[in-house]
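K.L.:
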Amino acid sequence: AQSVAQPEDQVNVAEGNPLTVKCTYSVSGNPYLFWYVQYPNRGLQFLLKYITGDNLVKGSYGFEAEFNKSQTSFHLKKPSALVSDSALYFCAVRDYNNNDMRFGAGTRLTVKP
Amino acid sequence: DAGVIQSPRHEVTEMGQEVTLRCKPISGHDYLFWYRQTMMRGLELLIYFNNNVPIDDSGMPEDRFSAKMPNASFSTLKIQPSEPRDSAVYFCASSLVGPNEKLFFGSGTQLSVL
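Listed in order, the protein sequences are those of chains A and B.
Read the first sequence against the working numbering and you will find it ends at 116, with the numbers running on by one and no gaps.
Read the second sequence against the working numbering and you will find it ends at 142, with the numbers running on by one and no gaps.
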């Protein structure tokens, strides 16, 4: 079965600095990878996805993610962090065959002024 | 479109009571998912439906949990009897068919079982 891992429970960065939230995946076929963000007391919101093609995917709010097949990684990045980016970030993988979506444990991003 | 609509937003009940959570997916979406979120276990997939048919309920914790989707615009997740360890945020999500399609989440139901 497909799965994703987020090795960091917490990431702290200073405002204006670049940020990276890590994700690795395990799938039996082609990966369909997603990033979601969750703000307090809200549902998850879609940020971006990788299906095929360019390894650098651009998404909402200035976020991007880099797909690396050899390292089975799909790290979320942003060149310059904002305090308002502070939230819980989830990496997810959707299965080609049965279409269910599995999420990582989540990484809490804190951007300090 | 109003998005995925869940009700109630908050539910407080006593142990042993029946709890019913409701979800209205986005019109035209073929898939509906129920997730549970807790601090300890993160976001767990409980069950999902394709065209109103349950596909995988292996994530349902035990027989006290049941889910139905009587039509394309409505689903329920029922817990009977409820226990304090069921306290969590329950999310419903829907999507179009296909592994490349994103999920749209509702705002969740915060369940507290006393």
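Ideal Cβ positions, reconstructed from N, Cα and C, are used throughout, including at glycine.
Looking only at C-alpha atoms, which of A:Gly65, A:Asn101 and A:Gly62 sits nearest to A:Gly32?
P.N.:
On the first sequence, position 29 is the one that residue 32 of chain A refers to. The residue with the shortest Cα to Cα distance from A:Gly32 is A:Asn101.
K.L.:
Please return the same chain residues whose Cβ sits closer than 7 Å to the Cβ of B:Leu139, not counting the five positions on each side in sequence.
P.N.:
By one-based count along the second sequence, residue 139 of chain B stands at place 111. Taken in chain order, the residues that qualify are Glu39, Val47, Asp114, Ser115, Ala116 and Tyr118.
K.L.:
Can you tell me the Cα-Cα spacing of A:Glu11 and A:Leu112, whole angstroms?
P.N.:
Within the first sequence, residue 11 of chain A is the residue found at index 8, counting from 1. Within the first sequence, residue 112 of chain A is the residue found at index 109, counting from 1. So the two alpha carbons sit approximately 10 Å from each other.
K.L.:
Please work out which residues of its chain come closer than 7 Å, Cβ to Cβ, to B:Asn80, disregarding the five sequence neighbours upstream and downstream, and give them in chain order.
P.N.:
Translated into positions along the second sequence, residue 80 of chain B becomes position 52. Taken in chain order, the residues that qualify are Met97, Asn99 and Ala100.
K.L.:
Is A:Val86 helix, strand or coil when you go by DSSP?
P.N.:
Translated into the one-based positions of the first sequence, residue 86 of chain A becomes position 83. DSSP places A:Val86 in helix when its eight states are reduced to three.
K.L.:
Strictly under 8 Å for the Cβ-Cβ distance: is A:Asp12 near chain B by that measure?
P.N.:
Here residue 12 of chain A refers to the residue found at position 9 of the first sequence. Not closer than 8 Å to any Cβ of chain B, the Cβ of A:Asp12 fails to qualify, so no.
K.L.:
Check this for me: beta carbons of A:Leu51 and A:Lys61, under 8 Å apart or not?
P.N.:
Looking up residue 51 of chain A in the first sequence gives position 48. Looking up residue 61 of chain A in the first sequence gives position 58. Yes, Cβ-Cβ distance for A:Leu51 and A:Lys61 is below 8 Å.
K.L.:
Given this structure, state the Cα-to-Cα distance separating B:Met88 from A:Glu18, to the nearest angstrom.
P.N.:
For this step, residue 88 of chain B is matched to residue 60 along the second sequence. For this step, residue 18 of chain A is matched to residue 15 along the first sequence. About 41 Å.
K.L.:
For B:Glu42, I'd like the list of residues in its chain whose CB is within less than 6 Å of its CB, leaving aside the five on either flank, ordered along the chain.
P.N.:
Residue 42 of chain B sits at position 14 when you count from the first residue of the second sequence. Around B:Glu42: Leu142.
K.L.:
If I'm right that B:Pro109 touches B:Ala95 with Cβ under 8 Å, what's the distance once you round it to whole angstroms?
P.N.:
Locating residue 109 of chain B in the second sequence gives position 81, counting from the first residue. Locating residue 95 of chain B in the second sequence gives position 67, counting from the first residue. The Cβ separation is near 16 Å, so there is no contact.
K.L.:
Measure the alpha-carbon distance for B:Asp85 versus A:Phe93 and round it to whole angstroms.
P.N.:
The residue labelled residue 85 of chain B in the question sits at position 57 within the second sequence. The residue labelled residue 93 of chain A in the question sits at position 90 within the first sequence. Cα to Cα, the separation comes out at about 22 Å.
K.L.:
Between A:Gly109, A:Val114 and A:Pro116, which lies nearest to B:Met67 when the distance is taken from Cα to Cα?
P.N.:
On the second sequence, residue 67 of chain B is found 39 positions in, with the first residue counted as 1. Comparing Cα positions, the closest option is A:Gly109.
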